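Everything below concerns the one structure shown next.
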Amino acid sequence: MKKMEYLEKLREKLETFGKELQEEILEDYREHFAEGEKQGKSEEEIIDELGNIEEMIQEMIQDLPESDAEGVSWEEQPEKSFTYSEAFREVVLKGGVAKVMVSQSEDDQLHVNYENNGSVSSQLKYEFCQRQENGIYYAEVKRRENVEDSKEDGDELIKLKLFGRTIISYGNASNFGKENHSIVLTVKLPKGMPKLNTTVSSGDIHVSKLHLEEYSATSASGDINVSEAEIGHMEIHTASGDVNVNDGTLHKGKFTTASGNINVANSQISAGSLTTASGNISVKEGSTGVVKYATASGNIMLNTSGESYECGTASGNIKIKSVGTPQKASMNTASGNVQFNLENATGVEATVKTMSGNAKVAWKDETRITAKKGTFRYGDGACKVMIKSVSGNINVQCV
């Protein structure tokens, strides 16, 4: 291996560290090469003296950072695993910046694993805590109270020893914005667990293959993902994170987001509501019972076999494709357009009203167009449809 190849490999291995710290270390290595060349050493000899890059990185990490804060103890093993055979009536998980992964246990025990593969600073800043109280198991990933970032002009003070001397660098040891990718809380629930409660700030939540009576999840900016689960009552709330539900069976579901999107696919929802402020709502390839959909500026897109549809939006569009004959459908929008398609329906009674938009109702080969409003009945009129729009267009198609 030659000098340039060695330094390039070193640069690649240092990519997870802050820019300033990278340059400090690379400059030290360049100086070491220059000093060796002055002594008449070959590039191979100097590389042999410098040693294996991977081993150097590991040794460097063990020395970084040094902290003068009282009571700070270094977490030498960032991974912790626990197993419980107790029959808990509820599990409460607070992930913080961590990614939370929950699935079904292969036995009748509760398995909990905490893993922090982030930078040393990340491992120093966060800790895993747990307790049991009144039949409830609590686990939390939180920031240590007795650790503060040492900063100057907004940067973190980093110290490490290299070639027998201490390097002091002001800058991030790593990309702290990616902590939720390196801290993972993995939990496996025993069969028959009644309730699960998960909360995160920036981390994501992944729940799969569970049978629960109740499940609640809250997130600030992280996404919440539920797949292949059967849940009696589920409530999900996010600020900017998305909600994704796939291949699930929900007897009652309540999903709420501010700017995040709500996506449901291949799932059954017997009753509930999906509400977002500026995010979109998408439900496809599944079946729904009595479900309400509401958004302010987002769009509502449904492609399901539904019992009832109740949709409301201010400036967003509403587009529904329904198979069969739903009992009723109510759609209201201010400036958005409404498209309602019925496939294989036995009949429809559609009442449409728009102020400045146009309305069109089509039943198989018959079409009736009205400029403002009207009520139109076809077949047995089994599906009662009410659509209102202020400035948007209305289109009802029955095929």
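Position in the sequence shown (from 1) plus 607 gives the number in the working numbering. Idealized CB from N, CA, C, for every residue including glycine. Just so you know, these numbers come straight off a predicted model, no measurement behind them.
Do you know offhand how far residue i's Cα is from residue j's?
i            : j           : result
residue 648  : residue 723 : 42 Å
residue 673  : residue 792 : Any reading at residue 673 needs caution, since the residue's pLDDT is 45, under 50, leaving its predicted position unreliable; the model's value is listed next. Residue 673 and residue 792: Cα-Cα distance of roughly 26 Å.
residue 677  : residue 751 : Any answer about residue 677 is weak, because its pLDDT of 37 lies below 50 and its placement is not dependable; what the coordinates show is given next. Approximately 12 Å, taken between the alpha carbons.
residue 1000 : residue 954 : 22 Å
residue 940  : residue 904 : 10 Å
residue 816  : residue 975 : 48 Å
residue 811  : residue 836 : 17 Å
residue 731  : residue 819 : 35 Å
residue 814  : residue 686 : 21 Å
residue 803  : residue 737 : 15 Å
residue 609  : residue 651 : 7 Å
residue 876  : residue 860 : 7 Å
residue 709  : residue 822 : 12 Å
residue 883  : residue 945 : 18 Å
residue 841  : residue 897 : 15 Å
residue 997  : residue 928 : 22 Å
residue 637  : residue 663 : 15 Å
residue 614  : residue 748 : 37 Å
residue 938  : residue 963 : 17 Å
residue 634  : residue 640 : 10 Å
residue 919  : residue 995 : 10 Å
residue 644  : residue 620 : 24 Å
residue 961  : residue 972 : 24 Å
residue 915  : residue 947 : 13 Å
residue 881  : residue 993 : 20 Å
residue 618  : residue 654 : 15 Å
residue 696  : residue 711 : 15 Å
residue 832  : residue 656 : 50 Å
Classify residue i: buried if its beta carbon has 16 or more other beta carbons within 10 angstroms, exposed otherwise.
i            : result
residue 742  : exposed
residue 908  : buried
residue 1006 : exposed
residue 987  : exposed
residue 611  : exposed
residue 902  : buried
residue 690  : exposed
residue 658  : exposed
residue 798  : exposed
residue 694  : exposed
residue 688  : exposed
residue 809  : buried
residue 926  : buried
residue 616  : exposed
residue 692  : exposed
Taking the Cβ atom as the reference point for each residue, do residue i and residue j lie within a distance shorter than 8 Å?
i           : j           : result
residue 872 : residue 891 : yes
residue 981 : residue 951 : no
residue 848 : residue 830 : yes
residue 991 : residue 899 : no
residue 807 : residue 745 : no
residue 957 : residue 965 : no
residue 843 : residue 862 : yes
residue 805 : residue 703 : no
residue 632 : residue 729 : no
residue 868 : residue 853 : no
residue 718 : residue 794 : yes
residue 885 : residue 866 : yes
Helix, strand or coil for residue i? Go by DSSP, reduced to three states.
i           : result
residue 881 : strand
residue 633 : helix
residue 996 : strand
residue 565 : Since the first residue shown for the chain is 608 and the last is 1006, residue 565 is missing from the structure and cannot be characterised.
residue 672 : Per-residue confidence for residue 672 stands at a pLDDT of 49, beneath the threshold of 50, marking its modelled position as unreliable; the derived number appears in the next sentence. Residue state, collapsed to three classes: coil.
residue 789 : helix
residue 695 : coil
residue 614 : helix
residue 962 : coil
residue 641 : helix
residue 657 : helix
residue 622 : coil
residue 752 : coil
Establish whether the CB of residue i and some CB of chain B are separated by less than 8 Å.
i           : result
residue 952 : Absent from the structure: chain B. Only one protein chain is present.
Just checking residue i against the ligand FMN - is the residue's beta carbon closer than 7 Å to any of the ligand's heavy atoms?
i           : result
residue 886 : No copy of the ligand FMN appears in this structure; indeed no ligand is present at all.
What residue ranges within the segment 697 to 735 form continuous beta strand (DSSP E) runs of no fewer than 3 residues, ordered along the chain?
697 to 703, 706 to 711 and 717 to 723
Tell me the start and end of each unbroken alpha helix (DSSP H) in the segment 806 to 849 that is at least 4 residues and wholly inside, in chain order.
none
Runs of beta strand (DSSP E) wholly within the segment 905 to 937 (minimum 3 residues, chain order):
907 to 920 and 925 to 930
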